[in-house]
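Written as structure tokens, this is what we have:
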């Protein structure tokens, strides 16, 4: 390369050449599709691009690039002159040559070390494939033409010169002085080249370095000559005027002169430049071209066109797509955007001056106004600067038509690609990172999705498959979809494949929903390919796609239908440099959450926590509009120490709570009743003190987050404002912390970490809810058939007499003094909400100890028979969730359903309905009257099927308490027998799921498939209802699921199905 070339000039040439290459690929594919209907303008556009690359390379001394570009130019010239039909094999060779030209440009300085012989021979074979013997001889016979300095030599063939003269053109040697004609006229060499190209054709150019001399020369030349071998239709007497050249700097090359110049001494600068072109004629037949091409190209070089099925160039050389503008040091920016930047900068200067003046005058109001103005201008400046980074997704989309074309040839399929939304703009960084993920997804659609033509035809589809790559805006994000009309994804096959590879086990498989099975394709090492090929099957699959998209802040969703096709949906932010974020705090530390992941914000009052939050499979879950969402506590995940402010003592104390669901109950004044001895010791005032857990400060803040198709809730201490933050990368010491996505500096100078929503879910091992439910269900199956997990309220009746009542039946808990109890008419009452509340002791009904004497008592409030009633108990109270195994015989008596071992102690299970009805039998009679008043119509009874006597009794009583008649059965077999005998009396079936002899699923299936009973609706009672159970239940005919002992919801469901 010439020593005078500056780095800036070289870089300008490389950038300009790459811009030419960016559009060449799509243009060549369009030329291929047009076939014999050649679009001269389009071919000429590609020709000019190759010609510009060749011209610049010649000026810079990049001879390897110049030679390859010139060979490409020759073939394109034959196409635009209708001397060659752009069949796929021809276009494939040109594409491959342009690919290699791009590689040479990536390392232009060392391009001369690269071997281009295979590409040159392939292009040469195309150019000479249909020439006769004489034309081939002329194509190999070279001529040498000397410039005026007798040192610079142009070497080309007779055939090139003949072609250059075609159309009445003259061939000149033009002499330019790079100092006089370029530099002093404020021109650039490239501007001069563009002018020459607009008026003719540059065949070759040389810089006369030898005539300049060196430092040892007696005289140093003040000129740098550049000789151009030029073909133009401009006459000799006019060309000097047009190009502003002196007459002595122009020399017309005649045929005689060429003959005389032949055979002169060896040139000092020899540069083999071929310009292959054939005479006009009819386009050759494709078979003849293929045959001649194979004859011309030596066997060892044929790899460049990769034959397949005896067809030249059938198989593509590459199915890789380079990232658009990957690692580019520069980009094009609209002049309009630059004008906006200048305007904003000017406004910022004015605002600064305004602020300085206000400060010097001490005018606070003016300072405030100036500050607001600076804030506004800064925001506008930021938006405008972001526009400079925005690039259309077409920069990467335009690479895929080539990929799909090559894959179709390689796989023997027919497919077409449609591009939509090329104009949608995204941050340059995101576009650069999209190349690999989108390439993999498009290849998946082509290889795994689109079927073979015969298969598609047999299944009523068009022979040609269709892949759509679209981009559009949605909710402040960019959505990219890759859609195909192929065979789709079979979730069962995906699961079987994952099981075969050992990626999941049988237990995990049983717990999976269809959505989770679909997401298996995202796991490392998973591939659906039957065999390893150049296209797929190496196990480097969708996990890499997901990882790359996670780095870009993207989310992936897959929707597929067997036989119809697949849609992969990618959600991406517009930019990564500055992102809108939600600030939250936990344990006094602030964190930022990308707003794109935030679904909604919730604040749950302390007295509603128990209603909204539950435990499923040992995990906290939130009930939100009928959907169960897993929860994580940010402080627990990050290992932060939770604290709270003790308003009474005025100090910050350690919070030792580990559970979201409080173990205490709130009374109507907003006070909480402490059930545990530890809590009682902590607060010496005992139950009289208003607890912090019932106050507003104990409300729970939840941020509902979404990453891909997975949704979960994050519990934080506080939710602050939304702000735009500048993302800073983490240091290498935090590189492996997957819970953080970066850091940002806040307005007060403090650093806040940006949370990685997907990483937090992985770190906390949040499973899909169905998985957790399934696990819990399996754990419960390990216990006896009467074992059911329930929440119980524990209390004492005597000093060593422990009792329990289902928590869901308790309306509230009140604290009283013993002196508050009054005896009126022989009955115990307390004053409550302006009236009298009847209270009872367990000893009044059952053979138990006398109520322990105590200054303070607790009253458990229930609603029985339409009346509020209280049961006296001795504190402390406690709430516990246990796998309840009931002994229904040993301690069974009126008011006591049985006993269970809880916390190592025998605990009596109180049947509050039996207690109250034993003391107030008229309340039960009143209920019967309500039932009978319904007219005793047919089908007025409810069949209750439950194998546990304890639960059957509880459910029966609160159903009867609501005014319904109940018929009991211990299992499905007994229930079926009752149905066959008393079918006309039964209007609704409520059944447990896990029962001996015949379970709830089997009973429901029999009911729904028997014409006599198929009209009956079935409500299933269960402690936990996982997605798999619900799906199975719906399949067999279960109409609704209800949680055991959830009185209000069950009665509401019954009322909707049966009138009282």
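Residue numbers (the working numbering): 151 to 1210.
Cβ coordinates follow ideal geometry from the N, Cα and C atoms, glycine included.
| Check | Outcome |
| --- | --- |
| Distance between residue 1171 and residue 1091 (C-alpha atoms, nearest Å) | 17 angstroms |
| Per-residue burial, residue 956 [other beta carbons within 10 Å of its own, 16 or more giving buried] | buried |
| Of the listed residues 1197, 1145, 888, 577, nearest to residue 1012 (C-alpha basis) | 1197 |
| Those runs of the beta strand (DSSP E) which lie wholly inside the region 1101 to 1168 and span at least 3 residues | 1115 to 1119, 1136 to 1142 |
| CB of residue 555 within 8 angstroms of CB of residue 226, strictly | no |
| Neighbour-count burial assignment, residue 374, 16 or more Cβ in a 10 Å radius | buried |
| Integer-rounded CB distance, given that residue 942 should sit under 8 angstroms from residue 1027 | Their Cβ separation, rounded to whole angstroms, is 11 angstroms, which puts residue 1027 and residue 942 out of contact at 8 angstroms. |
| Per-residue burial, residue 715 [other beta carbons within 10 Å of its own, 16 or more giving buried] | buried |
| Option in 991, 881, 605 with minimal Cα separation from residue 562 | 605 |
| Spatial distance of residue 411 from residue 228 (CA atoms) | Any reading at residue 411 needs caution, since the residue's pLDDT is 46, under 50, leaving its predicted position unreliable; the model's value is listed next. Distance between the alpha carbons of residue 411 and residue 228 is about 29 angstroms. |
| Pick from 709, 696, 656 that is closest to residue 673, judged by C-alpha positions | 696 |
| Close-in-space but distant-in-sequence residues of the same chain around residue 270 (CB under 8 angstroms, 5 per side omitted) | 217, 218, 221 |
| Distance CB(residue 544)-CB(residue 343) smaller than 8 angstroms | no |
| Per DSSP, cross-strand counterpart(s) of residue 354 | 379 |
| Bridge-paired residues (DSSP) for residue 577 | 540 |
| Three-state secondary structure assigned by DSSP to residue 1035 | coil |
| Extent of the continuous alpha helix (DSSP H) to which residue 503 belongs | 485 to 511 |
| Rounded C-alpha distance that separates residue 641 from residue 890 | 32 angstroms |
| Three-state secondary structure (DSSP) of residue 1194 | coil |
| Among 294, 213, 233, 230, the one whose alpha carbon lies nearest that of residue 265 | 213 |
| Sheet register partners of residue 982 (DSSP bridge) | 985 |
| Cutoff 8 angstroms: residue 601 Cβ touching any chain D Cβ | Looking for chain D here will not work: only one protein chain is present. |
| Per-residue burial, residue 704 [other beta carbons within 10 Å of its own, 16 or more giving buried] | buried |
| Inter-residue Cα distance where the pair is residue 974 and residue 1100 | 34 angstroms |
| Through-space distance from residue 1144 to residue 927, alpha-carbon basis | Interpretation of residue 927 is limited by its pLDDT of 39, a score under 50 that renders its predicted location unreliable; no figure is taken from the coordinates. |
| For residue 1187 and residue 1111, believed in contact at Cβ under 8 angstroms, the rounded distance | The Cβ separation is near 28 angstroms, so there is no contact. |
| Segment contact, 8 angstroms Cβ cut-off, at least three pairs: the region 591 to 601 with the region 572 to 581 | no |
| At least 3 beta-carbon pairs within less than 8 angstroms: the region 191 to 208 vs the region 165 to 181 | yes |
| Span separating the alpha-carbon of residue 513 from that of residue 528 | 22 angstroms |
| DSSP bridge partner residues for residue 1057 (one or two, in chain order) | 952, 1050 |
| Beta-carbon proximity check, residue 783 vs residue 865, cutoff 8 angstroms | yes |
| Expected contact under 8 angstroms - CB spacing of residue 862 and residue 911 to nearest Å | 6 angstroms |
| When 1156, 1141, 1109 are compared against residue 1130, the one with the closest alpha-carbon | 1156 |
| C-beta atoms of residue 629 and residue 701 nearer than 8 angstroms | no |
| Residues bridged to residue 194 (per DSSP) | None; residue 194 has no bridge partner. |
| Proximity of residue 992 and residue 979 at Cβ, strictly below 8 angstroms | no |
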